[in-house]
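Have a look at the structure below before the remarks.
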Amino acid sequence: MGIWLLRRVGQIIPTLLILSVMIFGLQQLMPGDPALILAGEERGDEQVLAQIRAELRLDRSLPEQYWAWITRVIQGDFGFSWRIRVPVSELILEKLPVTFQLGAMAFIIAVLIGVPLGILSAVRKDQPADWAANGAALFGISMPNFWLGILMILLFSVQLGWLPPSGYVPLTEDPWQSLATTIMPAFVLGTGVAGVLMRHTRAAMLGAMSQDYVRTARAKGLRERVVVWKHALRNALIPVVTLGTIEFGRLLSGAVLTEQIFSIPGFGKLVVDAVFNRDYPVVQGVVLATALIFVLLSLLADILYMAINPRLRRA
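full-length UniProt numbering puts the sequence shown at residues 1 to 315.
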């Protein structure tokens with residue numbers, strides 16, 4: 001297993017290099033000139049524009065710009081924000097924990113709702129419980145996040161006054177207040193993922209429960225609970241683990257609208273502001289960090305496969 005793990009880790013490096021080329025190349029297609037935006041009121045002064053382009057190395061060829069950027073990244077230097085003159089690594093380390101907390105809470109909510117409903121739906125196939133679970137999953141998948149967020153603010157903040165409508169308090173400052181400010185956006189994000197997890201868990205469980213080893217376990221007289229939880233669920237978890245890691249990565253990178261609605265200063269808001277300001281170093285750093293998160297989550301999924309299925313470890 002150690003050799004396999006080293007090979008998987010070795011695959012991360014060329015993957016990230018290819019992604020870095022794509023990130024840098026696609027960013028050049030963005031309309032607008034960063035020098036004009038940074039020049040502000042002096043955008044008509046060609047001398048000022050030339051000075052800005054020279055300072056930011058925008059006057060060099062694209063291969064030279066990419067090489068200068070990637071060599072710094074390899075050394076752990078993502079550069080400085082052109083807009084606020086702050087190191088990009090500091091911005092990432094400041095904003096990522098906020099989005100990570102929000103995404104982790106949303107993922108926990110999704111797993112606690114989606115996986116049990118998927119198991120219940122498979123065990124009670126074509127029964128009222130199955131219909132109710134499928135209806136709940138359809139609601140979670142179909143409901144837009146921004147609309148659900150607005151409704152929850154109106155109910156729990158405006159009408160009932162139970163939770164703050166917006167803002168964020170760091171977990172290290174006040175855990176309870178931090179939970180109060182993130183529980184609503186976490187539930188908004190988690191409902192959609194819960195619906196997806198429910199459908200995939202149901203399909204995987206139905207496939208596992210039709211296998212010969214499940215019929216053999218029932219023929220031995222084992223209790224239905226043991227058959228479902230010990231024999232069927234363990235083999236059905238592999239596709240669910242794959243989907244779960246992908247969805248968790250999507251929660252970290254796709255919470256833009258939810259963070260805007262609840263005024264949470266997270267990763268999504270950072271990259272949106274950087275795109276509008278043509279702050280290329282921030283966009284490159286954030287997207288590359290997001291790609292690294294996805295690659296590491298994929299590696300984590302492979303490791304979980306080994307833990308769940310002993311046959312994979314032997315192979």
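All C-beta atoms, glycine included, are put in the ideal place defined by N, C-alpha and C.
- Message: Can you tell me whether PRO63 is helix, strand or coil according to DSSP?
- Response: Correct three-state label for PRO63: helix.
- Task: Determine the DSSP secondary structure at PHE24, reduced to helix, strand or coil.
- Result: Note: PHE24 maps to helix in three-state DSSP.
- Task: Please confirm whether SER157 and LEU163 have their CB atoms less than 8 Å apart.
- Result: Contact flag set, yes.
- Task: Measuring only between beta-carbons, confirm whether LEU16 sits less than 8 Å from chain C.
- Result: Looking at the structure shown, chain C is missing, and only one protein chain is on hand.
- Message: Applying the 10 Å Cβ sphere with the 16-neighbour rule, what's the burial state of THR181?
- Response: Classified as buried, THR181 has 16 or more neighbouring CB atoms from the shown chains inside 10 Å of its CB.
- Which same chain residues, not among the five before or five after ARG218, have their C-beta less than 8 Å away from its C-beta? GLU224 and VAL227, listed in sequence order.
- Message: Check whether the segment 90 to 100 and the segment 281 to 297 touch, using three or more Cβ-Cβ pairs below 8 Å as the test.
- Response: Yes, the segment 90 to 100 touches the segment 281 to 297.
- When TRP147, THR245, LYS230 and ARG57 are compared against PHE187, the one with the closest alpha-carbon: For the residues TRP147, THR245, LYS230 and ARG57, the minimum Cα distance to PHE187 belongs to TRP147.
- Item | beta-carbon ALA129 near the ligand HEM non-hydrogen atom, thresh 7 Å | The model on display carries no ligand, and the ligand HEM is accordingly not part of it.
- Message: VAL88 and GLY79 - do their beta-carbons sit closer together than 8 Å?
- Response: Yes, the Cβ-Cβ distance between GLY79 and VAL88 is below 8 Å.
- Rounded to the nearest angstrom, how far is the Cβ of ALA232 from that of MET205, given a contact under 8 Å? The distance from the Cβ of ALA232 to that of MET205 is about 6 Å, consistent with a contact at the 8 Å cut-off.
- Message: Helix, strand or coil for PHE262? Go by DSSP, reduced to three states.
- Response: Here PHE262 carries a coil assignment [DSSP, helix/strand/coil].
- Between the beta-carbon of residue 322 and the beta-carbon of PHE107, is there less than 8 Å? Only positions 1 to 315 of the chain appear in the structure, and residue 322 is not among them; the question remains open.
- Message: If distances are taken between C-alpha atoms only, which option among LEU102, LEU299 and LEU304 comes closest to TYR12?
- Response: A small correction: the amino acid at residue 12 is Ile; Tyr does not occupy that position in the sequence shown. Checked all of LEU102, LEU299 and LEU304; the closest Cα to ILE12 is LEU299.
- Simplified DSSP assignment, three categories, for PRO87: DSSP places PRO87 in strand when its eight states are reduced to three.
- If you follow the alpha helix (DSSP H) that SER142 is part of, which residue opens it and which one closes it? Looking at the DSSP string, the run of the alpha helix (DSSP H) that includes SER142 is 128 to 142.
- Query: Under a three-way DSSP split, which group does GLY156 fall into?
  - Reply: It should be noted that the sequence gives Phe, not Gly, for residue 156. In the structure shown, the three-state DSSP call for PHE156 is helix.
- Message: Below 8 Å on the Cβ atoms is my contact criterion, and I expect LEU96 with ILE264 to pass it. Report the Cβ-Cβ distance as a whole number of Å.
- Response: LEU96 to ILE264, Cβ: 13 Å. No contact.
- Classification of ILE109 by the beta-carbon crowding that lies within 10 angstroms, buried from 16 upward: Classification for ILE109: buried.
- Selected residue, minimal CA-CA separation from LEU297, among ILE18, VAL256 and THR245: Nearest C-alpha to LEU297: THR245.
- Query: Is the beta carbon of ILE119 less than 8 Å from the beta carbon of GLY192?
  - Reply: No.
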